[in-house]
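*Asks:* Take a look at the following structure, please.
Protein chains: 2
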Amino acid sequence: MIKDRKIEEFLNDVASSKPTPGGGAIAALTGAEAAGLVEMVCNLTKPYGSLAKTAEEAKKLRRDLLNLADEDVRAFDRVIFAYKLKDNEEIKNSLNRAIEVPEKVKELSGRVEELAKEVSQIGNKNAISDAKTAVHLAVAARKSADENIEVNKHSLRLCLKRSLVKVPVITT
Amino acid sequence: MIKDRKIEEFLNDVASSKPTPGGGAIAALTGAEAAGLVEMVCNLTKPYGSLAKTAEEAKKLRRDLLNLADEDVRAFDRVIFAYKLKDNEEIKNSLNRAIEVPEKVKELSGRVEELAKEVSQIGNKNAISDAKTAVHLAVAARKSADENIEVNKHSLRLCLKRSLVKVPVITT
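First to last, the sequence lines map onto chains B and W. According to my numbering, the first sequence holds residues 11 to 182 in order. According to my numbering, the second sequence holds residues 11 to 182 in order.
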């Protein structure tokens with residue numbers, strides 16, 4: 011699982027010519043990083059009680075977004091396999107899943123963005139740059155998830171138009 | 011070093027109440043992730059030759075940005091220590107270093123952004139969402155580095171105004 015990978019090794023994999031892990035997994039990871047920063051700002055704010063619920067929610071979002079990074083790899087590997095099989099029904103199903111995953115990443119990153127904006131207002135003022143960094147990262151995660159949704163929706167539309175499709179080099 | 015850390019363990023550290031690793035290290039890491047995606051798009055583009063130089067530059071940027079994540083942790087730990095010592099000269103010196111590091115992160119992330127825009131134009135069209143994700147991430151890295159520059163410049167201005175300074179809970 012991605013959470014158990016060493017950072018440099020994971021980035022070597024991203025940089026390689028293997029189609030996964032790609033932008034979808036990185037979008038989810040970036041959302042998780044933003045959530046981690048939200049937790050940090052909560053943990054540095056006194057009284058902590060006022061932000062305990064926010065910290066708890068951010069922790070859950072971080073865990074869920076890290077898991078979604080793996081989900082994205084699985085979903086896109088399935089798309090590639092379906093194209094190799096030239097099984098149109100499976101291509102459609104796999105693309106639908108490869109749309110669902112970044113839709114979830116977009117939704118959760120949007121929530122991280124809201125929490126980051128909240129802690130940048132009411133969190134420890136000495137951690138304001140961490141809170142604002144969390145906002146920038148959550149925005150990037152949300153926009154990146156959107157790129158993946160759009161490209162897979164485009165592939166799905168092409169697929170629905172054709173009965174037989176060619177194997178692409180990569181579609182995301 | 012951060013590159014050798016497992017992703018989940020590193021994010022646990024970010025989320026904790028320890029002031030480092032914080033937003034500065036995460037900004038550098040995000041720039042490195044964006045550079046990795048640029049390399050991936052180059053590696054998926056044919057003929058590869060047209061983007062070989064871009065891939066090489068992105069690889070160097072990725073390595074440098076990963077190292078800057080560690081530099082940021084070191085620079086900020088030095089700031090905290092200087093405040094504890096109440097040594098105004100060392101506070102000034104450490105803050106200057108804590109400004110230099112994100113300035114470098116901002117510069118290199120800006121370059122990653124340029125390369126990401128280039129590969130989103132001329133790279134493999136099937137990897138367009140990866141290229142655009144790299145743009146979003148590089149922008150977030152650059153903006154986040156800027157937050158760290160500004161907050162440390164603000165601390166430096168306060169420090170120059172006072173002969174004796176209090177120990178802050180955290181300043182970034």
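Every residue gets a Cβ at the ideal spot worked out from N, C-alpha and C, and that includes glycine.
Which residue wins for smallest C-alpha separation from ALA85 of chain W, given the options W:GLU66, W:HIS146, W:PRO31 and W:LEU125?
*Replies:* Residue W:PRO31 is the option with its Cα nearest to ALA85 of chain W.
*Asks:* Please determine if the stretch 123 to 133 of chain W and the stretch 45 to 57 of chain W are in contact, where contact requires at least 3 C-beta pairs separated by less than 8 Å.
*Replies:* Segments in contact, yes.
*Asks:* State the beta-bridge partners of LYS16 of chain B as determined by DSSP.
*Replies:* Per DSSP, W:LYS16.
*Asks:* So which residues of chain W does THR37 of chain B contact, with C-beta pairs closer than 7 Å?
*Replies:* The sequence given here has Ala at residue 37 of chain B, not Thr. Going along chain W in sequence order, the residues near ALA37 of chain B (Cβ under 7 Å) are THR143.
*Asks:* Give me the chain W residues within the contact set of THR40 of chain B, using Cβ-Cβ distance strictly less than 8 Å, ordered along the chain.
*Replies:* Residues of chain W passing the Cβ test: THR40, GLU43, LEU147 and ALA150.
*Asks:* Would you please verify whether the beta carbon of GLU49 of chain W is less than 7 Å from any beta carbon of chain B?
*Replies:* GLU49 of chain W counts as touching chain B.
*Asks:* In its own chain, which residues sit with a C-beta less than 7 Å from the C-beta of GLU67 of chain W, not counting the 5 before and 5 after it?
*Replies:* The answer, listed in chain order, is LEU125.
*Asks:* Determine the contact status of LEU147 of chain B and THR55 of chain B, defining contact as a CB-CB distance below 7 Å.
*Replies:* No, the Cβ-Cβ distance between LEU147 of chain B and THR55 of chain B is not below 7 Å.
*Asks:* Under 7 Å, do ASP82 of chain B and VAL111 of chain B count as touching if we go by C-beta distance?
*Replies:* It is a contact, given that the beta carbons lie within the stated cut-off.
*Asks:* Under three-state DSSP, which class holds LEU105 of chain W?
*Replies:* Helix.
*Asks:* What alpha helix (DSSP H) runs, 4 residues minimum, are completely inside the stretch 17 to 47 of chain W?
*Replies:* Listed in chain order, the complete alpha helix (DSSP H) runs (minimum 4 residues) inside the stretch 17 to 47 of chain W are 17 to 25.
*Asks:* Let's see if you can read the secondary structure: which residues bound the alpha helix (DSSP H) around ASP82 of chain W?
*Replies:* Here the alpha helix (DSSP H) through ASP82 of chain W covers 62 to 95.
*Asks:* Do ALA79 of chain W and ALA25 of chain W come within 7 Å of each other at the CB atom, strictly closer than that value?
*Replies:* Their beta carbons are not under 7 Å apart, which means ALA25 of chain W does not touch ALA79 of chain W by this criterion.
*Asks:* Inspect the beta-carbon positions of ALA144 of chain B and LEU47 of chain B and report whether they are closer than 7 Å.
*Replies:* Yes, the pair counts as a contact, with Cβ atoms nearer than the cut-off.
*Asks:* Please classify ASP14 of chain B as buried or exposed, where buried requires at least 16 other C-beta atoms within 10 Å of its C-beta.
*Replies:* With fewer than 16 other Cβ atoms within 10 Å, it is exposed.
*Asks:* In angstroms with no decimal places, state the Cα-to-Cα distance between LYS142 of chain W and ALA92 of chain B.
*Replies:* Rounded to the nearest angstrom, the two C-alpha atoms are 25 Å apart.
*Asks:* Please state whether DSSP places GLY120 of chain B in a helix, a strand or coil.
*Replies:* Three-state DSSP puts GLY120 of chain B in a helix.
*Asks:* Look at the Cβ atom of ILE90 of chain W, then the Cβ atom of ILE17 of chain B, and state whether they are nearer than 7 Å.
*Replies:* No. Outside cutoff.
*Asks:* Take VAL175 of chain B and list the residues in its own chain whose beta-carbon comes closer than 8 Å to its own, dropping the five residues that flank it on each side.
*Replies:* Per-residue confidence for VAL175 of chain B stands at a pLDDT of 49, beneath the threshold of 50, marking its modelled position as unreliable; the derived number appears in the next sentence. Taken in chain order, the residues that qualify are TYR93, LYS96, ASN98, ILE101, LEU168 and CYS169.
*Asks:* Can you determine whether any heavy atom of the ligand ZN sits closer than 6 Å to the C-beta of ALA42 of chain W, and answer yes or no?
*Replies:* Looking for the ligand ZN in the displayed structure turns up nothing, as the structure carries no ligands at all.
*Asks:* Taking ASP140 of chain W as the reference, which of B:ASP140, B:ALA155, B:ASN134 and B:GLY133 has the closest Cα?
*Replies:* Residue B:ALA155 is the option with its Cα nearest to ASP140 of chain W.
*Asks:* Excluding sequence positions up to five away, which residues of its chain have a Cβ less than 8 Å from the Cβ of LYS69 of chain W?
*Replies:* Same-chain partners within the cutoff: ALA45 and GLU49.
*Asks:* Run the CB neighbour count on ALA62 of chain W, radius 10 Å, all protein chains shown included, and call it buried at 16 or more, exposed below.
*Replies:* Classification of ALA62 of chain W: exposed, given that the 10 Å Cβ count is below 16.
*Asks:* Name the residue from W:VAL115, W:ARG72, W:LEU76 and W:SER165 whose alpha carbon lies nearest to the alpha carbon of ASN106 of chain W.
*Replies:* Residue W:SER165 is the option with its Cα nearest to ASN106 of chain W.
*Asks:* If you count every other CB in all the chains shown that lies within 10 Å of the CB of ARG172 of chain B, and 16 or more means buried, which is it?
*Replies:* Label assigned to ARG172 of chain B: exposed.
*Asks:* PRO29 of chain B: buried (16+ other C-beta within 10 angstroms of its C-beta) or exposed?
*Replies:* Answer is buried; the Cβ neighbour count reaches 16.
*Asks:* Let me make sure I understand the geometry here. Which of B:ASN136, B:PRO57, B:ARG73 and B:GLY133 has the alpha-carbon closest to that of VAL115 of chain B?
*Replies:* Cα-wise, what sits closest to VAL115 of chain B is B:ARG73.
*Asks:* Nearest to LYS163 of chain W by alpha carbon, out of W:ALA35, W:ASN103 and W:ASN22?
*Replies:* Nearest of W:ALA35, W:ASN103 and W:ASN22 to LYS163 of chain W, Cα basis: W:ASN103.
*Asks:* Is it right to say GLU43 of chain W is buried, meaning 16 or more other beta carbons lie within 10 angstroms of its own, or is it exposed?
*Replies:* By the 10 Å Cβ count, GLU43 of chain W comes out buried.
*Asks:* At the level of alpha carbons, what is the spacing between GLY59 of chain W and ALA137 of chain W?
*Replies:* So the alpha carbons of these two residues sit roughly 17 Å apart.
*Asks:* Is DSSP giving ASN136 of chain W helix, strand or coil here?
*Replies:* Helix at ASN136 of chain W.
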